Amino acid sequence: MTKRVAVVGSANMDLVGLAEHLPRPGETVLGDDFVMTPGGKGANQAIAAARAGGTTTFLGAIGSDSFGVTLGSRLAATGVDTTHVRTSYGSSGVAVIMVDRAGENSILVSPGANRTFLGLTDDERACVAEADVLLCQQEIPLATVAEALAAGRAAGTRTILNAAPARELPPGLLDQVDLLVVNETEARAITGGSAPDLAPLLALVPRVVLTLSGNGSRYADRDGQDVHVPAFRVEVADTTAAGDAFCGALAVAWAEGRPMVDAVRWANAAGAASVRKIGASNALPERAEIEAIFAG
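For the record, in the sequence shown the residue sitting at position 151 is 151 according to the UniProt record's numbering, with numbers rising by one throughout.
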């Protein structure tokens, strides 16, 4: 039986410019190309989970503008259940993304309708309760993130927080998290430490995945596991979607009951598959692509 993943998060229209190098402050750079594609961490991770094989529901807010129409259509076209996606009068969220020829990126996000996603309805709570895994990020109001995580914990749904972008967390939010996914910057933002020491994080949550970009990932838990999971080597075109591909695939793998280290390795394969393409949602891999890299 296909496992159910609920994703509570943001939806943005990504405006992606490609250039030889990222502009420095005050510098104008002539670009190589431009792509406009649906994105946002929540929507991206929902699409990633659906393509990875999970039955996926997205809970979030889009605007009443043309971007909102495109966002809703793209989610539905990829098999994501959008029944409960809200439409807010005004602008959808927008992300301005610059990518250099090495695949590195710089991103500015204007939240738009995502700011209006406040408080969960009874139907939205039911979606969380019915899921095997709940996946959240931090591009929507943190009060809603906290409410969703608490609803998931109360219902026995496994909860994942991808603590991105790095933000100051309200007290008690991490008490509702079963698995925390962070990069080194986000780990330091939570602990205040000068190095990615996972012990302080494990004092707050029972399981942690630390993503290490091209060096793979590290998984640790309170049972004593602390394992480096190497990256898969592929030709890199754009790293924009890597984190979202990783998180969506990880949610599916955990819902399917894979051992955590194996689940992280499978999520690494999803991240590797995504960086071979330029863009965000369009770069998120199908399950067959993940399996091909995972088996290689």
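Quick reminder that beta carbons are idealized off the backbone N, C-alpha and C, glycines included. These numbers were taken from a predicted model, which means no experiment stands behind them.
For the alpha helix (DSSP H) containing residue i, list its first residue and its last residue.
i: Gly31; result: Element bounds for Gly31: not the alpha helix (DSSP H) but the beta strand (DSSP E), Gly31 to Gly39.
i: Asp262; result: Met260 to Ser274
i: Ile190; result: Glu184 to Thr191
i: Leu201; result: Ala199 to Leu202
i: Arg248; result: According to the sequence displayed, residue 248 carries Gly and not Arg. It spans Ala242 to Ala255 - the alpha helix (DSSP H) in which Gly248 sits, taken as one unbroken run.
i: Arg4; result: That residue, Arg4, is in no alpha helix (DSSP H); its beta strand (DSSP E) goes Arg4 to Val8.
i: Thr70; result: Ser66 to Ala77
Assign residue i to one of two classes, buried (16 or more other C-beta atoms within 10 Å of its C-beta) or exposed (fewer than that).
i: Glu186; result: buried
i: Ser217; result: buried
i: Met36; result: exposed
i: Thr28; result: exposed
i: Asn268; result: buried
i: Ala295; result: exposed
i: Ala154; result: exposed
i: Ala11; result: buried
i: Asp132; result: buried
i: Gly192; result: exposed
i: Pro285; result: buried
i: Leu108; result: exposed
i: Pro170; result: exposed
From the options, pick the residue whose C-alpha is nearest to that of residue i; which is it?
i: Lys277; options: Ile290, Ala288 and Ala241; result: Ala241
i: Glu168; options: Val69, Arg188, Ala269 and Ile62; result: Arg188
i: Ala95; options: Ala199, Val236, Ala113 and Ala253; result: Ala113
i: Phe246; options: Gly257, Ala237 and Arg287; result: Arg287
i: Glu235; options: Glu256, Gly257, Ala50 and Ala273; result: Ala273
i: Ala129; options: Pro206, Leu59, Ala48 and Arg101; result: Leu59
i: Glu147; options: Leu174, Asp132, Val99 and Ala166; result: Leu174
i: Ala163; options: Pro141, Asp100, Gly26 and Ser64; result: Pro141
i: Ala126; options: Ile190, Thr157 and Asp197; result: Thr157
i: Gly90; options: Thr116, Ile97 and Thr70; result: Thr116
i: Lys3; options: Trp254, Asp238 and Arg207; result: Trp254
i: Ala220; options: Pro206, Pro230, Ala231 and Leu15; result: Pro206
i: Val5; options: Thr159, Ile190 and Leu284; result: Thr159
i: Thr57; options: Leu118, Gly248 and Glu291; result: Gly248
i: Leu120; options: Met98, Leu108, Val145 and Ala131; result: Val145
i: Leu75; options: Gly152, Ala237 and Gly9; result: Gly9
i: Met260; options: Val69, Glu139, Asp32 and Leu179; result: Leu179
i: Ser213; options: Ala203, Ile97, Asp197 and Arg233; result: Arg233
i: Val69; options: Asp81, Ile47 and Ser92; result: Ser92
i: Ala150; options: Glu124, Leu108 and Asp100; result: Glu124
i: residue 303; options: Ser88, Pro111, Ile47 and Ser110; result: A question about residue 303 goes unanswered here, because the residues of the chain that appear run from 1 up to 296.
Over what stretch of residues does the beta strand (DSSP E) that includes residue i continue unbroken?
i: Ala52; result: Neither: Ala52 is in no beta strand (DSSP E) and is coded neither H nor E.
i: Asp226; result: Asp226 to Val229
i: Asp14; result: Asn12 to Ala19
i: Ile140; result: That residue, Ile140, is in no beta strand (DSSP E); it is neither H nor E in DSSP.
i: Asp221; result: Ser217 to Asp221
i: Gly93; result: Gly93 to Val99
Check whether the Cβ of residue i lies closer than 6 Å to any heavy atom of the ligand SAH, and answer yes or no.
i: Val69; result: No copy of the ligand SAH appears in this structure; indeed no ligand is present at all.
If you draw a straight line from the C-alpha of residue i to the C-alpha of residue j, how long is it?
i: His84; j: Ile62; result: 11 Å
i: Leu134; j: Val7; result: 6 Å
i: residue 300; j: Asn282; result: Residue numbering for the chain in the displayed model covers 1 to 296; residue 300 lies beyond these limits and cannot be assessed.
i: Met13; j: Val264; result: 28 Å
i: Val181; j: Gly172; result: 17 Å
i: Gly54; j: Gln45; result: 11 Å
i: Arg86; j: Gln137; result: 18 Å
i: Glu184; j: Leu210; result: 7 Å
i: residue 333; j: Ala102; result: In the structure displayed, the chain extends from 1 to 296; residue 333 sits before or after that span and is not available.
i: Ala52; j: Trp266; result: 10 Å
i: Gly42; j: Leu30; result: 31 Å
i: Val252; j: Ala49; result: 6 Å
i: Val208; j: Arg258; result: 16 Å
i: Leu201; j: Leu18; result: 36 Å
i: Leu243; j: Asp122; result: Residue identity check: residue 243 is Gly in the sequence provided, not Leu. Looking at the two C-alpha atoms, the distance is approximately 30 Å.
i: residue 310; j: Pro230; result: In the structure as shown, the chain starts at 1 and stops at 296, and residue 310 therefore has no counterpart that could be examined.
i: Phe34; j: Ile290; result: 27 Å
i: Ile190; j: Ser73; result: 36 Å
i: Ser106; j: Asp238; result: 11 Å
i: Leu118; j: Ala199; result: 33 Å
i: Gly271; j: Asp65; result: 31 Å
i: Ile293; j: Gly279; result: 20 Å
i: Gly152; j: Asp100; result: 39 Å
i: Asp32; j: Gly39; result: 21 Å
Query raised in the report: Touching or not, the region 21–28 and the region 218–227, by the rule of three or more beta carbon pairs under 8 Å?
Result: no
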